[in-house]
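Numbering (my numbering), first residue to last: 1 to 405.
Heads up, the beta-carbon is just placed ideally off N, CA and C, and yes, glycines get one too.
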C-alpha cells in the first residue's frame, strides 16, 4: 500500500483542482460536457487515452490501464442538480475515482490485472449506468466500486429501487365562468391522483416512498384545463415490494381518470428504473479495513433505513459484484440534495474525502486484483445472492429471458 499512498500523494493537487473545478461548473444529466472533458484531460496528462463519448453516450468517459488478469471498474459520477449544483457531491466521486484509477495504473505490474475508469453520466434520475450496462460496458468487469459522499462513514449502503411514472390527463376545455358544465377538468384528475397517492402512503411500508410534482396544471384560471400532468417517483427496498407499489400507484392514477371523466396517458420508466443495491459484505469489509487508518468506517447497517435513497449503481450491483461506500463530508444533520451540503462538497472536508476515498478505492481494488481468495469469496457471495440479473428480468420476472423490454 506504500506505493499507492505515495502515488496518491503526488496526485493530490490535481485531484483537489479537479473536484473544485467540477463543483464550480455544475452540469445536469447528459449535459456534463465540461466534466467529461476535464476528466479526460487529467487522465490524458498521465499518458493514458480517455475516450469521451464512450458507450454511445456523449458525456460518458472510459479509460483502461493494465493487461490481463481480473478487471476492476472504478466508477465515476459527475452530474449535478437543478438549482443547487453539486448538492450530492458528485464532484468528489469523480475526483476520487480518477485518483484511484491513476494510482492503480501506475502501480500495476504487467499481467496483474486491468483497471478501467467508467465515467457514468446522469445518475440523478437519468439512469446512465443502465445505458452503459445495455451497451456492454460492464460485461467484462469482475468488480465495480465507487464511494459516495454523505454525512456518515459506512462501508456500504442500501438503496431503494426506483421507478418513475409520468401521467397526463386529457379532458375538455371550457370557460370557467360561462360554461364550466361543458368542460372536463384535467386538473381535477391530477389533484385526485395526488390526493389518492397521499392517502395510499398511510398503508405502505415505512421504508417505501412515493412523491411527485404537478408539472402542468393549466394555463389560465378562467379556462377549464384540457390537459394536466404530473410526475411521481416510486421507491422500495425490495423488488417484490417495488412491484406491488407499482401496481397500487398505477391503480390510483387510473382511478383518478375514471372519477373525473378524463383520459389518462400513463408512462412508466421514461428513464431506466433503478434496482435496489445488492451489497457485497466481503468487499465492504475489505474497504473498511483499508480505510481504518484514516477513518472509522461503520458497517452498512449503521445507516438508518429512513436515510436511504436510490442509485443506478444498484443496477450494476446485481450484474457484477460491487460496493458503494459512503464517506462523510458533512455533519449528521446535513443531508444530501441541500444547498448546505453543496457547500461542504467544496469545503476542506470535501477535499479530504476526495483523497481518503481515492485511497479506499485503490487499496480495495488492488487487494481484489492480487488476492485470489478474496475474489472467490466475493464471487461466491454474489452468486448466493442471485448471480447476474438484467434490468428487464428483474422488473418482469415472468417474462422469458431476453424477451422483456
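Following the DSSP letters along the chain, one finds residue 266 inside the beta strand (DSSP E) bounded by residues 263–268. For residue 25, no beta strand (DSSP E) run applies, since DSSP gives it neither H nor E. Collapsing the DSSP output to three states places residue 232 in a strand. Note: residue 52 is bridge-paired with 61 in the DSSP secondary-structure output. For residue 216, the enclosing beta strand (DSSP E) covers residues 209–216.
Counting of Cβ neighbours within 10 angstroms places residue 240 among the exposed residues, the total staying below 16. The DSSP-derived three-state label of residue 130 is helix.
In this structure, the beta-carbon distance from residue 161 to residue 277 does not fall below 7 Å. The C-alpha of residue 178 is placed about 54 Å away from the C-alpha of residue 77. Counting of Cβ neighbours within 10 angstroms places residue 1 among the exposed residues, the total staying below 16. Note on geometry: alpha-carbon atoms of residue 93 and residue 383 lie some 28 Å from one another. Assignment of residue 7 by DSSP, reduced to helix, strand and coil, places it in the helix class. Taken in chain order, the complete alpha helix (DSSP H) segments of 4 or more residues contained in the stretch 245–325 are 281–291, 313–317.
Around the beta-carbon of residue 339, fewer than 16 other beta-carbon atoms lie within 10 Å, marking it exposed. Within the stretch 129–199, the runs of beta strand (DSSP E) at least 3 residues long that lie entirely inside it are, in chain order, 143–145, 148–150, 161–170. Annotation: the continuous beta strand (DSSP E) that includes residue 118 extends over 113–120. Relative to the Cα of residue 295, the nearest Cα in the group 120, 187, 282, 155 belongs to 155. Per DSSP, residue 72 is one residue of the beta strand (DSSP E) stretching across 71–77. Around the beta carbon of residue 62, a 10 Å sphere encloses 16 or more other beta carbons of the protein chains shown; the residue is thus reported as buried. The three-state secondary structure of residue 66, taken from DSSP, is strand.
Cα atoms of residue 18 and residue 123: separation of roughly 19 Å, rounded to the nearest angstrom.
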